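Quick notes on the structure that follows.
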Amino acid sequence: MKVLFGLLVLSVLLLGCTQTQVSQEIVQEINSNNQNTDSIPSTTATVSEVMEKDTDPVTIDSINYQGRVLAGSTTKLLDFNKEDYNKAIASNKIVVLYFYANWCPICKAEFPKMQEAFNELNYENVVGFRVNYKDDETDSFETQLAQEFGVAYQHTKVFLKNGERIGKYPDSWNKERYLTEIGAVV
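Quick look at the structure:
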């Protein structure tokens, strides 16, 4: 009976993880289609409304982030918090959101590659955030962001410029892809 229960638990865990994995052919198709994100509608109105209430305009040079820095010295990658996010948006920085679930094996494998990329980047006008997604650390504002940007599952990346979404990428990236994609929007 214990063996059957163990197999059942293992099956549920594997099913939960594999539902988020995309076949290699689909990943390649997504990558080729990611070049044109103009057809993706922007959905930042509600976030903008929240920001207007909570944040004064800030210049790029005066930003002093309060959150934990996960990588980068010039181009920072931060643990998400609403205050730092609002500061970055108000200063017109390019914002990279990475929707991360602490239970997701894809996220756990990809996030160190993102950190490596941010350690190499040298752009003062870019900031990244690791946004909790459907895990035990997710807060209501993170849930709202995921809904507003149409994030269907973890390890999705959303790029914002001047507070508007300029890209959404559900596929898994390596360090070089982060460097290329971020460099292309700077």
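Throughout the sequence shown, residue numbering follows my numbering, covering 8 to 193 in sequence.
Virtual Cβ for every residue (Gly too), placed ideally from N, Cα, C.
From a predicted model like this one, the values you see are computed outputs, not experimental measurements.
- For ALA78, there is no enclosing alpha helix (DSSP H); the residue is found in the beta strand (DSSP E) stretching over 76-78.
- Separation of the CB atoms of ALA108 and LYS141 is rounded to 6 Å, and the pair is thereby assigned contact status at 8 Å.
- VAL76 counts as exposed, since fewer than 16 other C-beta atoms from the protein chains shown sit within 10 angstroms of its C-beta.
- When beta bridges are read from the DSSP output, TYR105 appears opposite ARG137 and LYS164.
- Shown here for ALA153: same chain residues with a beta carbon closer than 7 Å to its own, the five before and five after excluded, namely PHE106 and TYR140 in chain order.
- Distance between PHE87 and VAL103, taken at the CA atoms: about 11 Å.
- Between LEU186 and ALA124 the beta-carbon gap is near 5 Å, inside 8 Å, which marks them as a contact.
- DSSP places ILE173 in the uninterrupted beta strand (DSSP E) bounded by 171-176.
- Taking every protein chain shown into account, the CB of GLY135 has 16 or more other CB atoms within 10 angstroms, so this residue is buried.
- For LYS83, the enclosing beta strand (DSSP E) has its first and last residue at 83-86.
- Counting along the chain, PHE118 sits inside the alpha helix (DSSP H) bounded by residues 112-127.
- The alpha-carbon of TYR160 is positioned some 19 Å away from that of PRO119.
- Within the same chain, and ignoring the five residues on either side of ASN129 in sequence, the residues whose Cβ sits closer than 8 Å to its Cβ are THR81 and THR82.
- Between the C-alpha atoms of ILE101 and GLN122 there is a straight-line separation of about 17 Å.
- For ASN93, the enclosing alpha helix (DSSP H) covers residues 89-97.
- Within the model, the alpha-carbon separation for ARG184 versus SER147 is close to 30 Å.
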